[in-house]
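Undergrad: My questions all concern the structure below.
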Amino acid sequence: MKIVGLTGGIGSGKTTVAGFFRDLNIPVYIADEAGKRLMNNSSQIRESIISLFGEESYNGNSPNRKLIASRVFGNTALLEKLNNIIHPAVEADFKKWVQEQSADYVIYEAAILFETGSYKKCDLNILVTAPRKLRIDRLQKRDHSSKEEIQQRMDNQWSDEKKRGLADFIIENEELQHTRHQVEHIHGEILKGGKNCQKFC
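Going by my numbering, the sequence shown wraps up at 441, each residue one higher than the last.
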């Protein structure tokens, strides 16, 4: 079974693309959702995070996400320590999940797939892109964040230009019908064993 990585910057539309793959009966694993679930359910993660951030980082079994986010924002060393707690747990959870699937391939969706090096463990990788202005508009509508906050978050991620060289497929996500067409095309290529078919128009 092939593992296909799916990533893109914030506001690019990774979740929408993941949904299109689900429509094709392809199992999709969302790393961010898994991380949140594990933070709630794993006593080992809870103990490690409390050790790192203090007792106030949890309210019972629920993580104080606002506090944790405020602590790691702009602090790359602390963010790396947090990632070193969560990422191995997500990886183990993903391996277990893969064993339960029976499709020709599965999608592993992660926001920082390239940044963490996780793309190397995937057979193929898909990058979702969109113009910066469109991404900002989407995030303003979705999160009600200021333009400055969004731009700062974007600047903390790798640029699309840096990611393009590592991607086997690139989806330009501007218009939904066109995006769905690209997903269907890539789906066919993966089933045929294709690779390096970048950017479908």
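Ideal placement from N, C-alpha and C gives every residue a C-beta, glycine not left out.
Cβ of THR419 within 7 Å of any heavy atom in the ligand ADP?
TA: In the structure shown, the ligand ADP is absent, as is every other ligand, since no ligand is present at all.
Undergrad: For ILE250, which of helix, strand or coil comes out of DSSP?
TA: coil
Undergrad: Ends of the beta strand (DSSP E) at LEU364?
TA: 364 to 369
Undergrad: What span of residues does the alpha helix (DSSP H) with GLU273 cover, start to end?
TA: 271 to 281
Undergrad: In terms of DSSP beta bridges, what is PRO303 paired with?
TA: TYR298.
Undergrad: Short check: CB of ALA351 to CB of GLU414, under 8 Å?
TA: no
Undergrad: Take THR431 and list the residues in its own chain whose beta-carbon comes closer than 7 Å to its own, dropping the five residues that flank it on each side.
TA: In the sequence as presented, Thr is not what sits at residue 431; that position holds Leu. Excluding its 5 nearest sequence neighbours in each direction, LEU431 has C-beta neighbours in its own chain below 7 Å: ASP344, listed in chain order.
Undergrad: So GLU349 and LYS254 are in contact, right, with Cβ under 8 Å, and what is the actual spacing, rounded?
TA: 6 Å
Undergrad: Using the C-alpha atoms, what's the distance from GLY300 back to ARG236?
TA: What the structure shows of the chain is the stretch from 241 to 441, and residue 236 is not part of that stretch, so it cannot be assessed.
Undergrad: GLU355: which of HIS421, HIS418, ASN323 and GLN380 sits nearest, CA to CA?
TA: Ranked by Cα distance from GLU355, the first of HIS421, HIS418, ASN323 and GLN380 is ASN323.
Undergrad: For GLN392, count neighbouring C-beta atoms within 10 Å of its own C-beta (all shown protein chains included) and say buried if the count is 16 or more, exposed if not.
TA: exposed
Undergrad: Which residue marks the beginning of the alpha helix (DSSP H) containing ILE266, and which one marks its end?
TA: Where ILE266 is concerned, there is no enclosing alpha helix (DSSP H), given that its DSSP letter is neither H nor E.
Undergrad: From the DSSP output, in three-state form, read off GLU412 for me.
TA: strand
Undergrad: Which class does HIS421 belong to by DSSP, given the choice of helix, strand or coil?
TA: helix
Undergrad: Nearest to SER282 by alpha carbon, out of LYS335, TYR298 and GLU389?
TA: Nearest of LYS335, TYR298 and GLU389 to SER282, Cα basis: TYR298.
Undergrad: My assumption, with CB atoms under 8 Å, is that ILE442 sits in contact with LEU246. Please give the rounded CB distance.
TA: There is no way to answer for residue 442, as the model of the chain reaches only from 241 to 441.
Undergrad: Excluding the 5 residues preceding and the 5 following VAL257 in the sequence, name in chain order all residues of the same chain whose CB lies nearer than 8 Å to its CB.
TA: LEU246, GLY248, ILE366, VAL368, ILE411, ASN413, THR419 and VAL423
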